[in-house]
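See structure below.
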Amino acid sequence: MITTTLHSRKLLLVTGKGGTGKTTLSAALGRLAAERGRRTIVVEIDNFQPSLTAIFGRAPVYEPARVAPNLDVCNITWREALTEWLERTVPAQRLVKLILEHKTVQTFLDATPGARETMVLSRLLTLTEQYDQVIVDMPASGHAVSVLRVPHVAVSLMPGGPVGKRASEVLRLFKSGTTGLIIVALPEEMVVNETIELWEKLHHEVPELPRPTVVLNRAASPSLSDDERRLISRLGGLGLQGPAAELLLSGQWEADLEVATAEAITRLGAEVGAGLIVLPRLGSLGGFEGGPEKVVRQLAAALQRQALAERAP
Amino acid sequence: MTLGDIIRSNRLVICVGSGGVGKTTSSAALALRAAREGRKVIVLTIDPARRLANSLGLKRFGNDEARIDLSALPDAKGELWAMMLDNRKTFDDLIARLSPDEAARDSILHNRIYRAIADNIAGSQDYMATEKLYDLVLGGRYDLVILDTPPVKNALDFLDAPGRLARFLDKGVMKWFLSTQDPGRVMGRFLMGTSAVLFKLLSYIFGEEFLGELREFFVAFRDLYDGMRERHEAVVKLFHDPRTAFLVVSAPTSPSLDVARFFLEELRSRGMRNPGVIVNQRHRVSDTPLDPAGLLGALAADQSADLGPHTAAQVLARLGAAHRRLRELSQIEAGLVAELERSLTRVQQRWEVPRLPGEVHDLASLNAVGDALFAAR
Chain A
210 MITTTLHSRK LLLVTGKGGT GKTTLSAALG RLAAERGRRT IVVEIDNFQP
260 SLTAIFGRAP VYEPARVAPN LDVCNITWRE ALTEWLERTV PAQRLVKLIL
310 EHKTVQTFLD ATPGARETMV LSRLLTLTEQ YDQVIVDMPA SGHAVSVLRV
360 PHVAVSLMPG GPVGKRASEV LRLFKSGTTG LIIVALPEEM VVNETIELWE
410 KLHHEVPELP RPTVVLNRAA SPSLSDDERR LISRLGGLGL QGPAAELLLS
460 GQWEADLEVA TAEAITRLGA EVGAGLIVLP RLGSLGGFEG GPEKVVRQLA
510 AALQRQALAE RAP
Chain C
2 MTLGDIIRSN RLVICVGSGG VGKTTSSAAL ALRAAREGRK VIVLTIDPAR
52 RLANSLGLKR FGNDEARIDL SALPDAKGEL WAMMLDNRKT FDDLIARLSP
102 DEAARDSILH NRIYRAIADN IAGSQDYMAT EKLYDLVLGG RYDLVILDTP
152 PVKNALDFLD APGRLARFLD KGVMKWFLST QDPGRVMGRF LMGTSAVLFK
202 LLSYIFGEEF LGELREFFVA FRDLYDGMRE RHEAVVKLFH DPRTAFLVVS
252 APTSPSLDVA RFFLEELRSR GMRNPGVIVN QRHRVSDTPL DPAGLLGALA
302 ADQSADLGPH TAAQVLARLG AAHRRLRELS QIEAGLVAEL ERSLTRVQQR
352 WEVPRLPGEV HDLASLNAVG DALFAAR
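Top line first, the protein sequences correspond to chains A and C.
When you line the first sequence up against this note's numbering, it's residues 210 to 522, in that order.
When you line the second sequence up against this note's numbering, it's residues 2 to 378, in that order.
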């Protein structure tokens, strides 16, 4: 059910600890939605060095650009979001120009708490009106929370103006049931800890958002029998040196990963219940095989299989 | 130059890089090594894992400087301290320190705009990290401060620190804002005209209520500004100090190395001293295939007497396959690192740190990471 639900969301926000594969997963979700015929856009937020570049072979800019049938990408840069926002909010073109040419006012708009984020989120809202699905590669954990908290703060600080009004529209979208939130995790103890902390923090600080779905990425499926694991562990206890130790270590790493995956599934499952999706590890020990685009395709296929498996009784 | 040399000769070391590359662990491990050698060190982290805190014997990191018990390492000659940045508290402390009296302090602390800022709504975290640096580095209580910065997308704000928030508090903005509220004091009709129009626009955009509150905030803040700017300028100077080094930390993966290259370029263009890149979690294996049966066949048979009939054979086959996969990965990594090297200058280095088995869960394993870092070349 859970994977299918994700596909039906209008807005999908993807966050998680750094290095967990947020960008790759966002791209895979985008690829999948587009292949199902939905008009889709994958979005980065004000990234100096857009991570999607390596995947789609072109650097996303503010204006959406087509990278595949039904699939666009963009990078919501703050300054352009501001310009667009002013153009739709301020009654006269001449006044927009006045603001954009005044350095002090620019600084003011850039740094007024909540203004910048509201304008970026406002752009996201506009995109949801133009696409069937908008997938956002959000900043890492803590920073994602501070961005997502902004609409609430803006509504309470700026109730009288269009910033506040737009922020309340963003909140409405968050609450509408058409927004989905994903935390990407890895089968590593520290990452699982941070995922659980983030899960709770998001619930407390951005109650408008639905409970997140956790995607456990790079999971190693169990392939060793108990006896095989036992033997590897016994050999590990012999204090071997040289090539024998190296050979053993490579097996131990894979065995450890299987154990870590089982532990992560147990701990995350206890915390998030049904909201857990497990995606297999691609390539060996995290190495890219055939470049990032191929990884995205494989990941999309894994998501697809997951959705099909859910539909089966 | 080794990382040991860098840790010994600097007063401030700032670790930057993308998330999930072992930046926090490396920072703590370097700090621990420096403490063992006799320096008084503090590691300041922004968003640490609780596990790392536990490995240092702390329940969790707090905003107070906590001394780490090193008695488990009898050869430790110095002191290791650790703390985590608590944004709100650091900001409140700063306001208290700079306020001329209690009334001035409270009028800021109770302002709703201030509270939103202190809660890191406008990215004040970077500002507060620099504020804390001022305190720790220039306070003279430590020989060495190691700072673990937040992950990449925000780290640029940090290098520009105090960046966005400082621009907001900038005297020019504040002065302009307050003067538009008080047109009698503005000289010249033209300026008054433009400013009046812009101000009207801002009240339209943000609402009267917000601007009223903002005015109160600026008025209360006006007297503190010089104190803050002074501290900020001292930290910017510190970033360019010859005894400050930026270390880029990366994993041997393509996205992480892209970020590393980006940092190399940014640090270079800002004229900040960057001796090199730490490439963590590098998988090191021999170039040639290993023969599982020849190397481990007898031992495996010996150790599996009480296990299932095919266990030894299965494990040997698995080890061979795992080693082959690891070799492939290692080759991919070697290519990526070679590519990175081409973007280094002659004075920049890269240190490859092998991936160690297991996770860091106590002082001993953190110390092992420190050893690996110091041995890296």
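C-beta: ideal position from N, C-alpha, C; glycine also.
Predicted model only: the values in this text are computed from it and were never measured.
So residue i contacts chain A; which residues on that side make the cut at Cβ distance below 8 Å?
i, result
"L4(C)", "None at all; the shortest Cβ gap to chain A is about 21 Å."
"E353(C)", "Here the premise fails: no neighbours, minimum Cβ distance about 16 Å."
"H324(C)", "E455, L456, S459 and G460"
"A252(C)", "G228"
Check whether the Cβ atoms of residue i and residue j lie closer than 8 Å to each other.
i, j, result
"E467(A)", "P431(A)", "yes"
"I344(A)", "L221(A)", "yes"
"L380(A)", "H361(A)", "yes"
"H412(A)", "L199(C)", "no"
"H284(C)", "R378(C)", "no"
"I211(A)", "E480(A)", "no"
"R40(C)", "D144(C)", "yes"
"Y115(C)", "F218(C)", "yes"
"V117(C)", "I47(C)", "What sits at residue 117(C) in the sequence shown is Ala, not Val. Against a cut-off of 8 Å, the Cβ pair of I47(C) and A117(C) comes out as no contact."
"E530(A)", "R325(A)", "Given a span of 210 to 522 for chain A in the structure shown, any question on residue 530(A) remains unanswerable."
"L390(A)", "P419(A)", "yes"
"L291(C)", "E455(A)", "yes"
"P253(C)", "A263(A)", "no"
"V400(A)", "K226(A)", "yes"
"L458(A)", "N426(A)", "no"
"V316(C)", "L440(A)", "yes"
For the alpha helix (DSSP H) holding residue i, just list the boundary residues, first then last.
i, result
"I96(C)", "N88 to L99"
"P256(C)", "S255 to S270"
"L45(C)", "Here L45(C) belongs to no alpha helix (DSSP H); instead the beta strand (DSSP E) covers K41 to T46."
"P371(A)", "P371 to K384"
"N402(A)", "E398 to E414"
"D281(A)", "Unbroken run through D281(A) is the beta strand (DSSP E), L280 to I285; no alpha helix (DSSP H)."
"Q332(C)", "T312 to E342"
"R347(C)", "Where R347(C) is concerned, there is no enclosing alpha helix (DSSP H), given that its DSSP letter is neither H nor E."
"Q315(A)", "K312 to A320"
Going along chain A, which residues have a C-beta under 9 Å from residue i?
i, result
"D259(C)", "Q258, S260, T262 and A263"
"I114(C)", "T321, P322 and L366"
"L95(C)", "Within 9 Å Cβ-Cβ: nothing; L95(C) doesn't reach chain A, min ~17 Å."
"E209(C)", "G369 and G370"
Go to residue i, then tell me how far its beta strand (DSSP E) extends in each direction, as first and last residue.
i, result
"I254(A)", "T249 to I254"
"F247(C)", "T245 to S251"
"Q342(A)", "Q342 to D346"
"R427(A)", "T422 to A428"
"I486(A)", "L485 to P489"
"V276(A)", "A274 to A277"
"D288(C)", "Unbroken run through D288(C): none, as it is neither H nor E."
"E80(C)", "E80 to M85"
"E353(C)", "Q350 to P355"
"L222(A)", "L220 to G225"
Using the beta-carbon of each residue, which ones in chain A are nearer than 7 Å to residue i?
i, result
"W177(C)", "T313"
"G20(C)", "K226, G227, G228 and A349"
Thinking residue i and residue j are a contact (beta carbons under 8 Å), I'd like their distance in whole angstroms, please.
i, j, result
"L320(C)", "I279(C)", "Not quite, the Cβ-Cβ distance comes to about 30 Å (not below 8 Å), so this is no contact."
"A67(C)", "A83(C)", "6 Å"
"I147(C)", "V237(C)", "The Cβ separation is near 19 Å, so there is no contact."
"L212(C)", "L203(C)", "6 Å"
"L296(C)", "A453(A)", "4 Å"
Anything in chain C within Cβ reach of residue i, meaning under 7 Å, just list it in chain order.
i, result
"R443(A)", "Q304"
"G373(A)", "G208"
"E463(A)", "A323"
"L357(A)", "Within 7 Å Cβ-Cβ: nothing; L357(A) doesn't reach chain C, min ~11 Å."
Since residue i meets chain C, which of its residues come closer than 9 Å, beta carbon to beta carbon?
i, result
"L440(A)", "A301, Q304, S305, L308, T312, A313, Q315 and V316"
"T298(A)", "Y205 and I206"
"P501(A)", "S255 and P256"
Residue i versus chain C: which residues are under 8 Å apart at the beta carbon?
i, result
"P452(A)", "S287, L291 and L296"
"D436(A)", "S305, L308, G309 and T312"
"I308(A)", "L199 and L202"
"G389(A)", "In chain order: nothing, as chain C lies at least about 22 Å away."
Worksheet item: Hey, is the stretch 203-216 of chain C in contact with the stretch 498-512 of chain A, meaning 3+ C-beta pairs nearer than 8 Å?
Response: Touching, no.
Fill in: the stretch 255-273 of chain C touching the stretch 424-443 of chain A, judged by at least three CB pairs closer than 8 Å
no
Discussion item. Does the contact criterion of 3 or more C-beta pairs under 8 Å hold for the stretch 232-245 of chain A versus the stretch 343-357 of chain A?
Written reply: yes
Worksheet item: Below 8 Å, can you find three or more Cβ-Cβ pairs linking the stretch 305-325 of chain C to the stretch 239-257 of chain C?
Response: no
Discussion item. Would the stretch 53-64 of chain C count as touching the stretch 10-22 of chain C if we require 3 or more Cβ pairs under 8 Å?
Written reply: no
Item to complete: May I ask you to verify whether the stretch 363-374 of chain C touches the stretch 20-35 of chain C, counting CB pairs closer than 8 Å and requiring at least 3?
Response: yes
Worksheet item: Is the number of C-beta pairs between the stretch 335-342 of chain C and the stretch 470-480 of chain A that are closer than 8 Å three or more?
Response: no
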